[in-house]
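Quick notes on the structure that follows.
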Amino acid sequence: MSDRTSTINSNEVGVFTALQSVVGRYRVPIGALLLVFSVRPVVSMDLLLGYGAVANSILIWMLFAASFNILLGYTGLLSFGHAMFLGIGAYVTAIGLARFDSPFVLSALVALLVAGVVAYLIARLIAQKGEIYFAMLTLAFGTTAHFVANYDPGGLTGGTTGIAGGAVPAWIETERGLKYVSLGGFQFDWYFFVAAAVFVGLLCIWQLVRSPFGRTLVAIRENRDLARAMGINTYRYKVWAFTLSGVVAAYAGAILEVNEQGATLSLLTVQTSGDVILMTVLGGANYFFGPLAGAFVWLFAEDFLTDFETLVLPLEQFPLIRVDLSGVLSYWQFFLGLLFVVAVVVAPREGIWGLFRSVVKKAVDRIKSERDNA
Amino acid sequence: MSLLEVAGLQAGYETGQVLFGVDLSVEEDEVVSLLGRNGAGKTTTMHAIVGANVPTVLGGEIRFDGTDLRERRNYQISELGLSLVPEGRRCFRDLTVEENLRLAANHAEDPLSIDDVWDQFPELKDMHDRPSKNMSGGEQQMLAIARSLITNPQLILMDEPCEGLAPLIVRRIESIIKDINGKRDVSVLLVEQNVAVAMAVAERHYVIDEGEIVEELSTEQLRKDEALRQEYLGV
Amino acid sequence: MPETDTGERPGTEADVTDAALGATGLTKRFGGIVAVDDVNIAVPTGELRAVIGPNGAGKTTLFNTLTHALAPTGGEGYLHGEEITHVPQEQRPHRGLARSFQSNELFNELTVLENVRIVVQTSETGTFSFGLLGDGRSQHVDRASEILESVGLSRKRETTAKNLSHGDQRRLGIAMALATDPSVLLLDEPTSGLGSKETGQITDLIRTVQEDLGLTLMLIEHDMGIVLSISDRITVLNRGRVLATGTPAEVQANQEVQDAYLGGMKEEI
Amino acid sequence: MNEIPLPGSSSRSLSLAEAAIWSVLLLVTVLSAVTRPGLFVDQVLGGLVYGLILVLIALGLSIVLGLLGIVNFAHGALFMLGAYFSYQFMAVWGVSFWIALIAAPLVVGLVGVVIERGVLRYLYDEDPLNGLLATFGLSLMIGEATRAIWGGAPKSVAAPQILSKGMDLGITTVARIRLFTVLVAVIVIAAVYLLIERTDFGLSVRAGVLDREMAEFLGVNMNVRFISMFVLGATIAGLGGVLRGTAVGMDVAMDEQFIILAFVVVVVGGIGSLFGSVVAGLLIGGTAYLTPLYLSTLASITNIEAINVPGIGGLVPYLVMIVVLLVRPRGLFGQEGFLE
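Protein chains in written order, with our numbering: chain A, 2 to 375; chain C, -9 to 225; chain Z, 18 to 286; chain V, 1302 to 1641.
Right, dumping it as structure tokens:
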């Protein structure tokens, strides 16, 4: 639990120096910073994918999953319609760029505003419903958003084809399939822009969940009746949690729009909403980094397992067993689904990140006790 | 050998142990009461005996008619002739009176006929097709007792059957308990806070406090021992 | 309206508009069952009022109705002379009316300090506050620590609430109620499930906070020893109705109370 | 402070507006039926078949939800498996439709046993969200397994001769398999109703829904009943899959599409009410098929082509649900306090 706020245990304070305590206190932003700039180098390693193109989407989906976890992990609300806000972010930005020739920043700001207003209005209608009803109603509103985009009102959304042409900001340059940002004479890799933007988004979420507002959300998740008895207006907190989570999702959507050079209808499907649930729970809704881990594993596995063909044991150099897995692993979702089911049954809020933490903690404890014994 | 024999029973919940060695027994054809203030462990004892989901039994023995109850699942106790009238009645709210009774009879070894029950509880017969949620507290309590009785048990465990009921109804329930004990030779273990009710129907009384039986006495002794009533029952 | 009376005789109450906490004709029905039946109550400022009655008498439902955790079916509620019948539950702590729960209701996964700190924060910022800037840990910690000190939980401030002992959970519940900075405090069986040693400690704690903070207290309690020793006056409930109200001596002497609640020893059957 | 009003507390004093709405509906119905009788009958029947298929899935969902408190997202996958198993029986092994009609649902029932024993029993008495999430993962697994075994391309099977012909109703022709679907669904629904309301087994199941532990104290072995009801629900969903697969074919997307709509049916009908599920299934099937027709009728009368929204039929179930839940928070026949 302590991961959320990086609480410093009182017995640790004596041990850590002041510097270490600052690191401990800000370990979430520091971790996030390290994370966003290491995703591409890591996935590009030969042992893993050998290429880094997927890193951009991984980062954006991490942010999207983290925005979703404001609801599921911190407030305890399960939404089946979160894709709606990712989609609004992408669509409104694309409409601004392609249909009104407005600059990217303005389009994106309008996108966040629209997402916020839509989320606020929906939340006011449904925030007080029981969890099953809440999930079903978010699903209904999400489906409605998909319908509207598909209906192509006023030729804005482009129907089934989505918005493809003219939806890239002027400061994006493409060379041989790779995107570069060119701002005021500087030119740098699009990946760094995504990393910085995602980092800013993660920082906002971190600040949100550690703020008094965010801690109140956790209290509501833990015991709604007690929260009310102690003077907390649970309804308004839920409404604003839903709204802010929608705005951050739209922010991820705006970045995704540039990354994919347009908005596609698939962003608004129930499947997208389902994927973000799967990622978040698989990664561990209990932790700030849980959904990020889940998004990474999900998207990485998609590329890695689909490419994976032959399993050689124990080592490439000494092949004793050679299994052709290409036929099986192309159905990678089956195995991730299995992992997901096991995670929910064994420890529903822990996920991969919780498992990773407890393994690390055990190892540290063992080293400590060995050192003490010696 | 006693009909019900509980020895050294320890039990508790997630939040901590509640029973620290309860010893009690019920003989055939006897009405015994288990007295104690709130939180003393009365309902926990009852639930431990019948094998409820909570509490967890941590140690001790529970024997009914020679059978080790700890080996039995909660749905296997009724076939042994042990029946529970739980705290708060727990009638199936959407089922009618007759359905409540039929359900119990369906799963008993040698049930009474429904007419036997109507004879004992004529007021229930008049409302046989009414869902139990539409009945008053007293009527629901009658139904809960009737539901136990129709399984033709050897022993009924009753958990505060007079809770929140008007004096007239309390009298009626007292007479029912005496009646089923007298006419049908059913033993009753009665959990009560109301000493008057316990003294009216039971011959022998256990007093439980902080998870242990602290006293076992006759009605006469209980009547006389004001200090004990003050200390353990707050009376 | 109840009689305007000094409240000397058992079964009578002072004027609700003079009282810290009051109710007239308060009623709560569940389907066919009347759990709280036309209850008049008026607890003067600074009084410690015990509510007793057999199981199922409607004591907790009375608390739930007074705090609007359950909307009353009829009647009015008053706080410091002001009518609050329709004030929502979450606003009442901000007006000075707080409560603890019979079962241990806590924010289970949070630490002891966090449990109290969130209530302090709520008490200072209102039923809703954006409070997006700042750090949830540093604000209001001092006040929360002070309260934990006063209930004797300082050493356990970093313990997760669900891992506390039963007695400490009760303390934490009281600490959270105190953190709302109440003028009127309702305690629902603060000693239930505790051993005699812990019961004594909690009783002392209740007495201390009442004296230190000048609280008006209303308390559901089964232990007659505690009730007789600490309460100024006692209200006896039976089947949802007020049977009698008076000083411990008056209530003990009341025949009706003897019959209905205390076991009716003299009653012949 | 609390300036936000709580939704869903509307009054019942809208009789005039209601009367207006009903009379407009009636008028449009009559107009549609008169101007395009063939299409009207087609749509009514289409809605009926579609709605009944939804009811077949919703029955199992509703039972599992009421009895075990689990929102079984994998129930749609069982429905899909029914269709694919019938394909395996009929197209691959060459078994007759009539045998597949019985055998495929039974095999689905077996899969149900595996799911119940392998996963769901660990989730009883847990947070309902966990059940929803775990079964969501299961449906993903079954979906991928289906894709791996039978491929991603749509499949179809040939209905037997007697059902493949059309039946001439004068104004339109109806495929007999659709009428057969209606017949089977009605029989199944009636049988489930009788089982639950009229038998001792059903009595013990109803008691278990209300207070599981008390029923066990009275000697009911609830576990056995839970498993049987789960398997029954799975089998019925499988049967629905066979009927749907035979009538219009199958693909791997039918899982998600139908489970979501079946949930909509359960929620609109009111969680815990079988009768509500039946009514809601027919309501949703009917509105999904009739709304496009009504809108096109309205468009042709008023000459406003914009009314004729393409693809509106797919959205109607959700709109119905939003409206129903905002007006009646527990659905049409839902009970107080259930899963709130």
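Note that the Cβ used here is the ideal one computed from N, Cα and C, for glycine as well.
Would you mind telling me which residues of chain A sit closer than 8 Å to Ser155/Z, beta carbon to beta carbon, in chain order?
Chain A residues near Ser155/Z: none, gap ~10 Å exceeds 8 Å.
So is Ala136/C buried or exposed if we call it buried at 16+ other beta carbons inside 10 Å?
Under this definition Ala136/C is a buried residue.
Does the CB of Tyr121/A have a neighbour CB from chain V at under 8 Å?
Look at Tyr121/A: its C-beta is not under 8 Å from any C-beta on chain V.
Taking Pro110/Z as the query, report the chain A residues whose CB atoms sit under 8 Å from its CB, ordered along the chain.
Within 8 Å Cβ-Cβ: Ala230, Met231, Gly232.
With a Cβ-Cβ cutoff of 8 Å, do Leu179/C and Leu48/C count as a contact?
At the C-beta level, Leu179/C and Leu48/C stay beyond 8 Å of one another.
Going by beta carbon distance, what residues of the same chain come within less than 7 Å of Phe341/A, once the five residues before and after it are set aside?
The answer, listed in chain order, is Leu279, Val282, Leu283.
Of the residues Ala36/Z, Gly70/Z, Pro61/Z, which one's Cα is nearest the Cα of Arg290/Z?
Chain Z is shown from 18 up to 286; residue 290/Z falls before or after that span and cannot be answered.
Considering only the alpha carbon of each residue, which of Met137/A, Leu293/A, Val361/A, Ala264/A lies closest to Leu157/A?
Ranking the options by Cα distance to Leu157/A, first place goes to Ala264/A.
I want to see whether chain A comes within less than 8 Å of Ile1371/V, judged by CB atoms only; does it?
No, Ile1371/V lies away from the interface with chain A (no Cβ there is under 8 Å from its Cβ).
Please tell me whether Ile237/Z has its Cβ less than 8 Å away from any Cβ of chain C.
It does not; no Cβ of chain C falls within 8 Å.
Closer than 7 Å at the beta carbon, the chain C residues around Ser50/Z:
First, the amino acid is wrong: residue 50/Z is Ile here, not Ser. Ordered by position in chain C, the residues that pass the 7 Å Cβ test against Ile50/Z are Gly127.
Taking CB distances under 8 Å as the criterion, tell me whether Ser103/C reaches chain V.
Not closer than 8 Å to any Cβ of chain V, the Cβ of Ser103/C fails to qualify, so no.
Chain-ordered chain V contacts of Val47/C [CB-CB under 7 Å]:
Neighbours of Val47/C on chain V: none; closest Cβ ~16 Å, over 7 Å.
Quick check on DSSP: helix, strand or coil for His111/Z?
When secondary structure is reduced to three states using DSSP, His111/Z falls in the helix class.
Terminal residues of the continuous alpha helix (DSSP H) containing Val115/A?
Residues 105 to 127.
Below-8 Å beta-carbon distance, Phe1531/V vs any chain A residue
With 8 Å as the cut-off, Phe1531/V does not count as an interface residue toward chain A.
Find the residues of chain C that neighbour Arg1507/V, judging by a C-beta separation of less than 9 Å, and give them in chain order.
Near Arg1507/V (Cβ distances below 9 Å), the residues of chain C are Phe82, Asp84, Leu85, Glu89, Leu93.
Taking 8 Å as the CB-CB limit, is Leu1402/V close to chain C?
By the rule that beta-carbons nearer than 8 Å mark a contact, Leu1402/V does not touch chain C.
Can you give the Cα-Cα distance for Leu165/Z and Leu222/Z, rounded to whole angstroms?
When rounded, the separation of the alpha-carbon atoms in Leu165/Z and Leu222/Z is 12 Å.
According to DSSP, simplified to helix, strand and coil, what is Pro121/C?
Taken through DSSP and simplified to helix, strand or coil, Pro121/C comes out as strand.
Leaving out five residues before and five after Glu51/C in sequence, what residues of the same chain have Cβ atoms less than 8 Å from its Cβ?
In the same chain as Glu51/C, and ignoring 5 residues on each side of it, the C-beta atoms closer than 8 Å to its own belong to Glu(-5), Val(-4), Ala(-3), Gly(-2), Leu(-1), Asp58, Arg60, in chain order.
If you measure from the beta carbon of Ala42/C to each beta carbon in chain V, is any gap under 8 Å?
So yes, Ala42/C belongs to the interface.
Under 7 Å by beta carbon: chain C residues contacting Val1521/V:
Proximity of chain C to Val1521/V at the Cβ level (cut-off 7 Å) is accounted for by Tyr65, His97, in chain order.
Run through chain C and tell me which residues come within less than 8 Å of Met1644/V, C-beta to C-beta.
Examination of residue 1644/V is not possible in this model, given that chain V is present from 1302 through 1641 alone.
Once the 5 residues before and after Leu1349/V are set aside, which same chain residues still bring their CB inside 8 Å of it?
Counting only Cβ-Cβ distances below 8 Å, and skipping sequence neighbours, we find Val1483, Leu1583, Gly1586, Gly1587.
Run through the stretch 1324 to 1398 of chain V for me and flag every whole alpha helix (DSSP H) of 4 or more residues, listed as ranges in chain order.
Runs found: 1338 to 1369, 1376 to 1388.
Just mark Gln144/C as buried or exposed, buried being the case when its beta carbon has 16 or more other beta carbons within 10 Å.
Within a 10 Å sphere around the beta-carbon of Gln144/C sit 16 or more other beta-carbons, which makes this residue buried.
If I follow the unbroken beta strand (DSSP E) through His239/Z, where does it start and stop?
Annotation: His239/Z is outside any beta strand (DSSP E) and is labelled neither H nor E by DSSP.
Please report the straight-line C-alpha distance between Gly148/Z and Ser212/A, rounded to a whole angstrom.
A direct Cα-Cα distance of roughly 7 Å separates Gly148/Z from Ser212/A.
Let's test the definition: count the other Cβ atoms within 10 Å of the Cβ of Thr208/Z and tell me whether it reaches 16, buried, or not, exposed.
Around the CB of Thr208/Z, 16 or more other CB atoms lie within 10 Å, so the residue is classed as buried.
Excluding five sequence neighbours on each side, which residues of the same chain lie with their C-beta closer than 7 Å to the C-beta of Ala190/C?
Apart from the 5 residues on each side of it in sequence, Ala190/C sits with its Cβ closer than 7 Å to the Cβ of Glu164 in its chain, given in chain order.
Give, in chain order, every residue of the stretch 1549 to 1565 of chain V whose Cβ lies closer than 8 Å to some Cβ of chain B.
The chain inventory of the structure shown lacks chain B, comprising the protein chains A, C, Z and V.
Using alpha carbons as the reference points, say which of Ile1572/V, Leu1616/V, Val1580/V lies closest to Pro1593/V.
Among Ile1572/V, Leu1616/V, Val1580/V, the Cα nearest to that of Pro1593/V belongs to Leu1616/V.
Buried or exposed: where does Lys283/Z fall if 16 or more other Cβ atoms within 10 Å of its Cβ makes it buried?
With a pLDDT of 34 at Lys283/Z, under the threshold of 50, the modelled position of this residue cannot be trusted; read the value that follows with caution. When all chains shown are included, Lys283/Z counts as exposed.
What span of residues does the alpha helix (DSSP H) with Tyr1619/V cover, start to end?
That run of the alpha helix (DSSP H) goes 1613 to 1628.
Strictly by DSSP, which residues pair up with Thr262/Z?
Thr252/Z, per the DSSP bridge assignment.
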